[in-house]
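Just so you know, we're using the working numbering here: the sequence shown kicks off at 2 and counts up by one. Glycine is no exception: its CB is placed at the ideal position from the N, C-alpha and C atoms. See below for the structure under consideration.
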Amino acid sequence: MARTHDGAGVLERAAAAVGPLLQSQVACLAPRTRDACGRHFGWPAGAVPATVGSGGKFVRAALALLSCEAASGEPRMALTAAVAVELVHNASLLHDDIIDGETIRRGRPALWVDIGVPGAILAGDALFFAAVQALTAAPRWERSVPVLLACVQALIEGEFADVLMESSVDTGEDQVLAVAAAKTGVLLACACELGAIAANASAKRAAHLRAFGSNLGIAFQNADDLIDVWGRSETTGKPTRSDLRAHKISLPVAAAMASISPAARELRALFLRETPLDEEQCARAAALIEEAGGREATERSVRKHADEALRHLQLAAPAKDAEQALTALVDRLVHRDR
């Protein structure tokens, strides 16, 4: 798994190892649900997904496999864990797109746009339960299943918190970071912990790998926040500035609004509008965020959490090959083209 020590290569190897197994797991679902989930994944009949697209595809699978190897296990021991975390991730995407009103996912119509809201909700539910079903057939399931279930509960709580604070100009940086930890960090942490469990790692070693994943997830989400404001649609697979247009309080926005500058006051006024921001207003908001220090604060948070992730990786005393691959993956996730 870890013989290629660049981020893209790591993800490609994870996709090649896990993609066919993921499709096989989805193929076990009831026909209508299976077909709906296949449309979400973009799988034509009989196709095997073995390539990596933009937007971090198979990141969680890669973390599970590499964490297993880091804990002195064989990556193949964590294949079921890798499939499970990818199923949970995609289930959450199906529900998130409905909640956020996102119409594009990975360059294609979101599933709820394609087949309707009820079908997309049910497809997401099916993927959540398929993840648990997969893990129950794996060794040490009595240790791994509770970890996955706790992860899903935290994901739901994070989504709830995100919805409640959406568009609130009084949202602070700490609140945004807490949501990032719950919505993104918790699943990356789960992937790493499940990989460690597959290797039968000690509780201490598994805890460090979990902390590695949690901090990486926060850094990853913060980098995504930067990409939404200053990135390109080919990087995200969805329209640029979609969060900004919808008045979503991401970390750059919250950090900018925390200042007492004229730029922060003007930004608040923009976000208090009842209608979505148009292109000109989005461009102005991006300029105001940068002027008020939101971009710099977010970049600082990315660096802080990436460094903390690597500190915990060192404390896990990882196998050298896996350490190099995980370090390369961190670099890819937090330094994507913006």
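Asked: Classify Ala-320 as helix, strand or coil using the three-state DSSP reduction.; Found: coil
Asked: Can you give me the Cβ contacts of Pro-110 inside the same chain, cut-off strictly under 7 Å, excluding the 5 residues immediately before and after it?; Found: Thr-104
Asked: Can you grab the Cα-Cα spacing for the pair Val-49 / Ser-25, in whole Å?; Found: Summary for Val-49: the model assigns pLDDT 45, below 50, so the residue's position carries little reliability, and this model does not support an answer.
Asked: Can you tell me which of Ala-79, Val-84 and Pro-119 puts its alpha carbon nearest to the alpha carbon of Leu-95?; Found: Pro-119
Asked: Please go through the region 91–175 and give each complete alpha helix (DSSP H) segment of 4 or more residues, from N-terminal end onward.; Found: 112–116, 118–137 and 142–166
Asked: So Ile-290 and Leu-268 are supposed to be a Cβ contact under 8 Å. How far apart are they, rounded?; Found: 6 Å
Asked: How is the alpha helix (DSSP H) around Met-219 delimited, first residue to last?; Found: Per the sequence shown, residue 219 should be read as Ile rather than Met. From DSSP, the alpha helix (DSSP H) with Ile-219 extends over 204–231.
Asked: Rank Leu-88, Ser-68 and Leu-12 by C-alpha distance to the C-alpha of Ala-79 and give the top, closest one.; Found: Ser-68
Asked: With contact counted as at least three CB pairs below 8 Å, one residue from each stretch, are the region 293–301 and the region 178–194 in contact?; Found: no
Asked: Within its chain, find whatever has a CB closer than 6 Å to the CB of Thr-172; leave out the 5 residues flanking it on each side and keep chain order.; Found: Met-166, Ile-250 and Ala-255
Asked: Please return the same chain residues whose Cβ sits closer than 6 Å to the Cβ of Glu-194, not counting the five positions on each side in sequence.; Found: Val-148, Ala-207 and Arg-211
Asked: Might you give, ordered along the chain, the residues of its own chain that have their beta carbon closer than 7 Å to the beta carbon of Ile-99, omitting 5 neighbours on each side?; Found: Trp-113, Val-118, Ala-121 and Ile-122
Asked: Mapping the DSSP letters down to three states, classify Thr-241 as helix, strand or coil.; Found: coil
Asked: Buried or exposed for Leu-327, please, with buried defined as at least 16 other CB atoms from any protein chain shown within 10 angstroms of its CB.; Found: buried
Asked: May I ask you to report which of helix, strand or coil DSSP gives Ser-73?; Found: coil
Asked: So the alpha helix (DSSP H) Leu-273 belongs to, where does it begin and stop?; Found: Per DSSP, Leu-273 belongs to no alpha helix (DSSP H) and is neither H nor E.
Asked: For Ser-251, which of helix, strand or coil comes out of DSSP?; Found: coil
Asked: In this structure, how does DSSP classify Cys-29 when only helix, strand and coil are distinguished?; Found: coil
Asked: Hey, how far is the Cα of Asp-279 from the Cα of Arg-246?; Found: 7 Å
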